Amino acid sequence: MMGIDGDKQHQFMFLNLDDLVPENHFLRVVRNKIDFSFIYEKVQHLYSPVGRRSVDPVLLMKMILIGYLYGIPSERKWNKKSK
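Here the sequence shown is numbered in the numbering used here, starting from 2 and rising by one per residue.
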């Protein structure tokens with residue numbers, strides 16, 4: 002039997018993550034005070050001009066910084082604790 006989903010588009014809720022973070026949160030201060038754009042120049046020589054696009058190196062550095070600031074030793078260990 003063929004299932005028809007109908008109009009399920011209205012079942013999804015779209016969120017803006019900035020709306021979920023308090024205005025006075027420490028990470029907002031970090032984002033506003035530190036310009037991470039220097040990372041692109043520092044790592045440019047490590048990336049090939051051809052092939053698939055990588056994960057943004059600034060995003061990777063921010064993830065490492067957050068892990069350090071919040072004492073998260075690795076993403077895998079964090080996931081095991083939260084289950």
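Every residue, glycine too, gets a C-beta built ideally from N, C-alpha and C. These numbers come from a predicted model, not from an experiment.
- In the displayed model, V44 falls within a helix according to three-state DSSP.
- Rounded to whole angstroms, E24 and S55 show a C-alpha spacing of 31 Å.
- P58 sits away from I35, with the two beta carbons spaced by 8 Å or more.
- The criterion of a C-beta distance shorter than 8 Å is satisfied by F37 and M62.
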